[in-house]
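One structure below.
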Amino acid sequence: MESACHFCVTGFFISRRRELRKNGHPWVKKISGQHMNPETLKFIEASIKTIPDYPKPGILFRDITSLIENPEAFKATIDLLANHYRDQGITKIVGTEARGFIFGAPVAYAMGLGFVPVRKPGKLPREVIEESYALEYGTDTLQLHTDAIVPGDKVLVVDDLLATGGTVDATVKLIRRAGGEVADAAFIISLPSLGGDARLTAAGIKVVSLVELAGE
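If you're matching positions, the sequence shown starts at 1 in full-length UniProt numbering and goes up one per residue.
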């Protein structure tokens, strides 16, 4: 989960008056293929509730918890990602604290792969490498066990949403420093107008998403 002012622990929000009509923004590549039934994708998107005027007036809060509380929607989300990547040679799934764990771990389980957590400082007990990244005010740091990724690993990064891209950019840098190859960064939701896709693409990362939501 990215640390940005546009969302918080249980979901994310965008300004109601600045919400834009979805028009197939070219920056974000929605996952497609034989496993990606359009009706299932619509069902997943419809499972994300919108809460007006939360946490303050003028804000539309996109509540991801309504998706994971719905067993059919949650299962459909995990199945879509797992089936899409099953035959692509992925060796490990990486998820970033905290909501990357919610989706990354079950995708890893469904694919029969190990799950590697990237965490905030002081949460991982073994030797770590770390990467700092800029926030709107200040910086934050992520850590990865030094032995969790080995040279030759082909890694899929899974997170709940893409906003500015700072958290995932730092995660990818950790994976590459450990010798891993990042195949894709997959998100349930993307906010393409916030520039995260452009940032990750510039870093050589292929970005895919299930749901696009417009807004700034």
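Even glycine gets a Cβ: it sits at the ideal position worked out from N, Cα and C.
Looking only at its own chain, which residues have a Cβ that is under 7 Å from the Cβ of residue i, when we skip the five neighbours before and after it?
i	result
residue 49	63, 66
residue 122	none
residue 45	211
residue 125	none
residue 74	67, 68
residue 86	111
If you reduce the DSSP assignment to three classes, tell me which class residue i lands in.
i	result
residue 126	coil
residue 38	helix
residue 153	coil
residue 209	strand
residue 68	helix
residue 120	coil
residue 58	coil
residue 96	strand
residue 44	helix
Given a cut-off of 9 Å on the beta-carbon distance, is the pair residue i and residue j in contact?
i	j	result
residue 255	residue 189	Here the chain covers residues 1 to 216 and nothing more, so residue 255 does not appear.
residue 118	residue 162	no
residue 51	residue 60	yes
residue 107	residue 82	yes
residue 201	residue 178	no
residue 142	residue 170	yes
residue 134	residue 166	yes
residue 78	residue 103	yes
residue 182	residue 155	yes
residue 168	residue 129	no
residue 184	residue 100	no
residue 80	residue 113	no
residue 105	residue 95	yes
Leaving out five residues on either side along the sequence, give the residues of the same chain with a beta carbon under 6 Å from the beta carbon of residue i.
i	result
residue 120	97
residue 153	91, 92, 180
residue 131	142, 170, 173, 174
residue 196	162, 163, 164, 165
residue 55	none
Name, in chain order, the residues that DSSP records as bridge partners for residue i.
i	result
residue 133	140
residue 63	49
residue 114	92
residue 84	In DSSP, residue 84 forms no bridge with anything.
residue 158	95, 186
Could you name the residues of the same chain whose beta carbon sits closer than 8 Å to that of residue i, not counting the 5 residues immediately before and after it, in chain order?
i	result
residue 76	40, 43, 44
residue 127	145, 146, 147
Next on the checklist: So within the segment 160–198, which uninterrupted alpha helix (DSSP H) runs reach at least 4 residues, ignoring any that extend past its ends?
Outcome noted: Restricted to the segment 160–198, the alpha helix (DSSP H) segments that are unbroken, complete and at least 4 residues in length are 166–177, listed in chain order.
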